[in-house]
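Numbering-wise, my numbering puts 269 at position 254 of the sequence shown, and it's gapless, one number per residue.
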Amino acid sequence: ATRSFTVGAAEGLLSYKTTHSLISSSSCRFLQPEIDAKLLSLLKERGFLPLSVALISSSDLRAEVGRAVEVFVDLTSSIGAVVISLMFCRTGLVFLLQHPDLSSTMINALRGTDDMNECIPLRYASVLISKGFFCRLLDVGINLEMHLRVVNAVDRLLTSTPQSEEFLWVLWELCSLSRSECGRQAVLALGLFPEAVKILIEALHSAKELEPVSLTCGTPLNLAIFHASAEIFELIVTDPTSSSLSAWIVHATDLHKALHSSSPGSNRKDAPTRLLEWIDAGVVYQKNGAIGLLRYAAVLASGGDAHITSTNTLVSESMDVV
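In structure tokens, the structure reads:
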């Protein structure tokens, strides 16, 4: 009886409801939903963007020597740190999006005359700055460009017709961006926009295997949208930070239903199938808490199938997910 009480108490303490709030307070969190509104207002009132562009672009300051160069580097490093902070939160990205001309000019100023497209990822750049190291303005500029492309894509997702070719093109753009590490981290900013996450879930729900093949495309439109949406979700779900986990874990059951109700195809290595394996674990955690997740991990460690079907006792006997 004592053992039963102890286990029951542990399950209560380790339930999804109890532990979910710990996710958002984790130190392994990069993205933040909000930034101080007064700070954003101050940046706007004091003309942070145009003044920063003028400073960074100044050929006279770049030609200085000695102490003046040190001051210039310190100033540009501070500007880079502020821009990076804006990229880590929803309100900061929206602030930059609301000033497209200035943001575009800022990107050009940060990138300078260098045509390179490779840079260090945003998270690494943030860590460098937090430790007092120098981060190239080029790296800040490329990351800013990629993040604004993602936010623009979010805006088009919200305004385009679902299941349309325009919708698919936006998804393909996001998938294309995610091919590089810098682009992948930019696409993860989708987690800051719950409305975009909801639209992607709806895209997974609306896939129909039997749609006639388009005359101009070898793949049914909605299946292409289904697979592209699954690929984007896979990026978010497999990211280890708590900010990404917070973005999808609350939708685990809904994602599970969407992936089961649609046909992900026969290829066991395609994006929907890989995603479903991760979502299975999310459903186990949501329904049975951390202890259920540990039991699920034990099943996998003993050689069990990673894909939990409706007959598996970890899901269907204690949950109603399909």
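Ideal Cβ positions, reconstructed from N, Cα and C, are used throughout, including at glycine.
Using the Cα positions of residue 317 and residue 310, report the straight-line distance between them to the nearest angstrom.
The straight-line gap from Cα to Cα measures roughly 11 Å.
Would you kindly work out how many angstroms separate the C-alpha atoms of residue 175 and residue 203, rounded to a whole number?
21 Å
Let me check one thing: in DSSP terms, what residues is residue 47 bridge-paired to?
104
Three-state secondary structure (DSSP) of residue 131
coil
Is DSSP giving residue 182 helix, strand or coil here?
helix
Secondary structure at residue 29, three-state DSSP: helix, strand or coil?
Shown here, residue 29 sits in coil according to DSSP, grouped into three states, outside any helix or strand.
What separation, rounded to the nearest whole angstrom, lies between the Cα atoms of residue 39 and residue 261?
7 Å
Can you grab the Cα-Cα spacing for the pair residue 193 / residue 54, in whole Å?
Approximately 31 Å, taken between the alpha carbons.
Mind checking which residues open and close the alpha helix (DSSP H) that includes residue 312?
286-316
By Cβ distance below 6 Å, which residues in the same chain neighbour residue 135 in space, the five residues on each side in sequence not counted?
154
What does the Cβ neighbour count give for residue 126, buried or exposed, with the cut at 16 atoms within 10 Å?
buried
Going by C-alpha to C-alpha distance, which of 209, 113, 312 and 217 sits closest to residue 47?
209
Residue 242 lies in the alpha helix (DSSP H); which residues open and close that run?
236-253
Where the alpha helix (DSSP H) through residue 63 begins and ends:
63-72
Quick one: using the 10 Å Cβ neighbour count with 16 as the cut-off for buried, is residue 177 buried or exposed?
exposed
Would you mind sorting residue 118 into buried or exposed? The rule is 16 or more other CB atoms within 10 Å of its CB.
buried
Look up residue 56 in the DSSP assignment and say whether it is helix, strand or coil.
Reduced to three states, the DSSP call for residue 56 is helix.
Assign residue 87 to one of three DSSP states: helix, strand, or coil.
Residue 87 falls in the helix class under three-state DSSP.
N- and C-terminal bounds of the alpha helix (DSSP H) containing residue 200:
Counting along the chain, the alpha helix (DSSP H) containing residue 200 begins and ends at 196-202.
Quick one: residues in its chain with C-beta nearer than 7 Å to the C-beta of residue 293, no 5 flanking neighbours on either side, listed in chain order?
252 and 253
Own chain residues within Cβ distance below 8 Å of residue 167, not counting five before or after
112
Tell me whether the segment 148-163 and the segment 209-219 touch, counting them as touching only if at least three CB pairs, one residue from each stretch, are closer than 8 Å.
Taking one beta carbon from each stretch, the segment 148-163 and the segment 209-219 have fewer than 3 pairs nearer than 8 Å; the two do not touch.
The alpha helix (DSSP H) spanning residue 138 covers which residue range?
137-145
With a 10 Å radius around its C-beta and 16 neighbouring C-beta atoms as the bar for buried, classify residue 151 as buried or exposed.
buried
Could you spell out where the alpha helix (DSSP H) holding residue 163 opens and where it closes?
Going by DSSP, residue 163 is part of the alpha helix (DSSP H) stretching over 152-174.
CB residue 211 to CB residue 169, shorter than 8 Å?
For residue 211 and residue 169, yes; Cβs fall inside 8 Å.
Under the three-state DSSP convention, the category residue 220 falls into
helix
Any idea what DSSP makes of residue 177, helix, strand or coil?
Of the three classes helix, strand and coil, the one that applies to residue 177 here is coil, per DSSP.
With 16 other Cβ atoms within 10 Å as the buried cut-off, status of residue 249
buried
Which of the three DSSP states is assigned to residue 81 in this structure?
coil
Pick from 266, 165 and 181 that is closest to residue 296, judged by C-alpha positions:
The residue from 266, 165 and 181 with its alpha-carbon nearest to that of residue 296 is 266.
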